[in-house]
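Following: one structure in structure tokens, then a few remarks.
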Amino acid sequence: MTPSASSSTGPVIEAHSIVKKFGGAIAVDDVSIEVYPGEIHAVVGENGAGKSTLMRVLAGVHQQDSGSVIVDGVKLEGGAKESIDLGVSLVHQELSLVPEMTVAENILLGSAPTTLGFTNFSEMKNIARSALEEIGVSVDLDERISRLSVALRQFVEIARAVARKPKVLILDEPTATLTPAETDYLLEMLQRLAGRGMAIVYISHRIPEVFRICHNVTILRDGKRVSVTAVAESTPEGVVDQMVGRELKKDLGSHRDATPSDVVLKAEGIRAPSVDDVDLEVRAGEIVGLGGLVGAGRTEIVRAIIGADARKSGRVTITVDGKTRIISSYQSAIRAGVGYIPEERRVDGLALTMTVAENINLPNRKELSTAGFQQIKKIRTFAQRLAEQVGLRPPEIKREAGQYSGGNQQKIVIAKWLGRRPAVMVLDEPTRGVDVGAKAEIHRLIKELADQGTAVLIVSSDLPELLELSDTIHVVRDGKIQGSIGHQDATEKAVMSLASGEKLVGA
Ligand SMILES: Nc1ncnc2c1ncn2[C@@H]1O[C@H](COP(=O)(O)OP(=O)(O)OP(=O)(O)O)[C@@H](O)[C@H]1O
Ligand SMILES: [Mg+2]
1010 MTPSASSSTG PVIEAHSIVK KFGGAIAVDD VSIEVYPGEI HAVVGENGAG
1060 KSTLMRVLAG VHQQDSGSVI VDGVKLEGGA KESIDLGVSL VHQELSLVPE
1110 MTVAENILLG SAPTTLGFTN FSEMKNIARS ALEEIGVSVD LDERISRLSV
1160 ALRQFVEIAR AVARKPKVLI LDEPTATLTP AETDYLLEML QRLAGRGMAI
1210 VYISHRIPEV FRICHNVTIL RDGKRVSVTA VAESTPEGVV DQMVGRELKK
1260 DLGSHRDATP SDVVLKAEGI RAPSVDDVDL EVRAGEIVGL GGLVGAGRTE
1310 IVRAIIGADA RKSGRVTITV DGKTRIISSY QSAIRAGVGY IPEERRVDGL
1360 ALTMTVAENI NLPNRKELST AGFQQIKKIR TFAQRLAEQV GLRPPEIKRE
1410 AGQYSGGNQQ KIVIAKWLGR RPAVMVLDEP TRGVDVGAKA EIHRLIKELA
1460 DQGTAVLIVS SDLPELLELS DTIHVVRDGK IQGSIGHQDA TEKAVMSLAS
1510 GEKLVGA
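Position one of the sequence shown corresponds to residue 1010 (my numbering), numbered consecutively onward.
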């Protein structure tokens, strides 16, 4: 694939020697980038490398400390509004839609057309409709965002950026929440948009995507640009090595031999909205995976099991040391020893204004409130060790969680539970948005938890991850377990064919 970017026209966006500091820390350190019309330009790097910060500078969300951004020959003076007007649209790493508002309202958020100061609803719907058409996604304009799947929300988010008719479209990890099929769709859509001359800046931790659609790749490490090359002249291994600045250990990533013992978690006849008569068991020392497509009901199943959402019927018990407790609410699940890492971590899993140490110690807040000096010191050491184990960068436990990059925030939530050996650990998409090195580390920690006797229930759309970790995989479709596969027989094809309900060729 060669860049369709023609050398006869200049770059549509160029940033020169951007420096952005937060307090004393340099997030982006003298980085330049230029992107041409029709080009898809990847920006990759480990968690905390500075990708999102650089994009926020390009989109005028952050003001750089030095350096300049030029869009179509015009130098940006500052502010997101000016940047949008000049044709730069950013799809943020975290979903930023308003759940209580409709699809149309969200697409036009902040830029709704007005007639004499009143919002012009029919005009608004037209713009929203044509933006959705442009990206080829069909969704009811009057539907509330809260009722849409995560994947659809992601597409609405993109429609919102496209509605502004950008010359430069920046997407910060848009595929993190998507299934392989949805990802394919998105990648093809981006190629179409680029084919029409849009410049696209594409951030992803998934290197194969970069090699599929991007023309050039900028690699960041510790806030600095380590290289910019044509994708056609690079290899995936080379890119990863430059991202991490060392050779990645390749001995990680195999399935471990489990020796499960007694049943700890037992769910029978679970019914809830999007959950249809689910039975499952997890033994001490066992990792049970829930596979399936996004929207299949996996999150709903685990939430109903641990009482985070109400059930219509069914019974859940947790047995520890011969003592069986009935789980009737989330509170009772926590008391019985359940640790839960939710899918929507930023909403449910992390207190952004609290420090890393406070977040890591949230599960034993009670002990903390009565802790003496010695104990506090111990707790700090504990948090520090965990932060280092999950590869938090930088591992500064006194920093506010909100000051960390997206992937690092995930590591904080993981650290919170991994250190305390819960009887049951429930993880929903535990490594979404986490970089390659940290992902391997988190996998190791999850296996270690199981080896220490925790019953682990995991939801993952990342098939290699699901296959590597799970001793048994239950495949979910339409809120029901369609079939179960033991580790020996688990292949990507076997899972996908049950997940989609179609016999895949050769499966
Ligand atoms: N608002 C902020 N306040 C303080 N520091 C910040 C803030 N935003 C980002 N940082 C710091 O800037 C650095 C770069 O973060 P950034 O979010 O750009 O990383 P990233 O490459 O997007 O990572 P990820 O892959 O995890 O999304 C990190 O060290 C981060 O802690
Ligand atoms: Mg980021």
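Ideal placement from N, C-alpha and C gives every residue a C-beta, glycine not left out.
Mind checking whether the beta-carbon of residue 1074 lies closer than 7 angstroms to any heavy atom of ligand 2? Here residue 1074 corresponds to residue number 65 of the sequence shown, with the count starting at 1. Not so, every heavy atom of ligand 2 lies at least 7 angstroms from the Cβ.
Separation of residue 1115 from residue 1190, as counted between CA atoms: Along the sequence shown, read from residue 1 onward, the residue named residue 1190 stands at position 181. Along the sequence shown, read from residue 1 onward, the residue named residue 1115 stands at position 106. Going from the Cα of residue 1190 to the Cα of residue 1115 covers about 25 angstroms.
Taking 5 angstroms as the limit, name every residue whose beta carbon sits nearer than that to some heavy atom of ligand 1, in sequence order. 1031, 1036, 1056, 1057, 1058, 1059, 1060, 1061, 1062, 1412, 1413, 1414, 1415, 1416
For the beta strand (DSSP E) that contains residue 1181, what are its first and last residues? Along the sequence shown, one-based indexing puts residue 1181 at 172. 1177-1181 is the span of the beta strand (DSSP E), which, as asked, contains residue 1181.
Using a threshold of 8 angstroms, state whether the C-beta atoms of residue 1316 and residue 1349 are closer than that. In the sequence shown, the residue the question calls residue 1316 occupies position 307. In the sequence shown, the residue the question calls residue 1349 occupies position 340. The answer is no: Cβ separation not under 8 angstroms.
For the beta strand (DSSP E) containing residue 1215, list its first residue and its last residue. The count along the sequence shown starts at 1 and reaches residue 1215 at position 206. Counting along the chain, residue 1215 falls outside any beta strand (DSSP E), and DSSP gives it neither H nor E.
Would you report the Cα separation of residue 1408 and residue 1159, rounded to the nearest angstrom? The residue labelled residue 1408 in the question sits at position 399 within the sequence shown. The residue labelled residue 1159 in the question sits at position 150 within the sequence shown. Cα-Cα distance, rounded: 30 angstroms.
How long is the line joining the alpha carbons of residue 1314 and residue 1279, rounded to whole angstroms? The count along the sequence shown starts at 1 and reaches residue 1314 at position 305. The count along the sequence shown starts at 1 and reaches residue 1279 at position 270. Their Cα atoms are separated by approximately 7 angstroms.
Contacts around residue 1458, its chain only, beta-carbon distance under 7 angstroms, and the 5 residues preceding and following it disregarded: By 1-based counting over the sequence shown, the position of residue 1458 is 449. Result list for residue 1458: 1427, 1430, 1434, 1465, in chain order.
Compute the Euclidean distance between the alpha carbons of residue 1027 and residue 1180, then round it to the nearest angstrom. For the purposes of this step, residue 1027 is taken as the residue at position 18 of the sequence shown. For the purposes of this step, residue 1180 is taken as the residue at position 171 of the sequence shown. Cα to Cα, residue 1027 sits roughly 19 angstroms from residue 1180.
Quick check on the DSSP output: the beta strand (DSSP E) that includes residue 1289 runs from which residue to which? As a first step, residue 1289 is located in the sequence shown; it is residue number 280 there, counting from the start. Per DSSP, residue 1289 belongs to the beta strand (DSSP E) from 1284-1292.
Give me the Cα-Cα distance between residue 1093 and residue 1165, rounded to the nearest whole angstrom. Translated into positions along the sequence shown, residue 1093 becomes position 84. Translated into positions along the sequence shown, residue 1165 becomes position 156. The straight-line gap from Cα to Cα measures roughly 18 angstroms.
Grouping DSSP H, G and I as helix and E and B as strand, with all else coil, what is residue 1072? Numbered from its first residue, the sequence shown carries residue 1072 at position 63. In the structure shown, residue 1072 sits in coil (DSSP, three-state: anything other than H, G, I, E or B).
So, using beta-carbon positions, are residue 1358 and residue 1102 closer together than 8 angstroms? Here residue 1358 refers to the residue found at position 349 of the sequence shown. Here residue 1102 refers to the residue found at position 93 of the sequence shown. No. Outside cutoff.
Can you name, in chain order, every residue of its own chain whose Cβ lies under 7 angstroms from the Cβ of residue 1184, other than the five neighbours on each side? Taking the first residue of the sequence shown as 1, we reach residue 1184 at position 175. Only 1192, 1195, 1213, 1215, 1218 meet the Cβ criterion.
By alpha-carbon positions, which one of 1272, 1361, 1366, 1295 ends up nearest to residue 1325? For the purposes of this step, residue 1325 is identified with residue 316 of the sequence shown, where counting begins at 1. Closest by alpha carbon: 1272.
So if DSSP puts residue 1233 in a beta bridge, which residue, or which two residues, is it bridged to? Numbered from its first residue, the sequence shown carries residue 1233 at position 224. Note: residue 1233 sits in a beta bridge opposite 1230.
Between residue 1327 and residue 1320, which are expected to be in contact by the criterion C-beta below 8 angstroms, what is the C-beta distance as a whole number of angstroms? Against the sequence shown, residue 1327 aligns to sequence position 318. Against the sequence shown, residue 1320 aligns to sequence position 311. Their Cβ separation, rounded to whole angstroms, is 15 angstroms, which puts residue 1327 and residue 1320 out of contact at 8 angstroms.
Output needed for residue 1039: all residues of its chain with C-beta closer than 8 angstroms, excluding positions within five of it in sequence on either side, in chain order. The residue you call residue 1039 lines up with position 30 of the sequence shown. So the list reads 1026, 1027, 1028, 1076, 1233, 1234, once near-sequence residues are dropped.
Residues near residue 1176 by beta carbon distance below 6 angstroms, same chain, minus five either side: Numbered from 1 along the sequence shown, position 167 holds the residue referred to as residue 1176. Correct list, in chain order: 1021, 1096.
Helix, strand or coil at residue 1062 according to DSSP, with G and I counted as helix: By 1-based counting over the sequence shown, the position of residue 1062 is 53. Residue 1062: helix per DSSP, three-state reduction.
Pull up the distance between the alpha-carbon of residue 1086 and that of residue 1053, whole angstroms please. Locating residue 1086 in the sequence shown gives position 77, counting from the first residue. Locating residue 1053 in the sequence shown gives position 44, counting from the first residue. Cα to Cα, residue 1086 sits roughly 27 angstroms from residue 1053.
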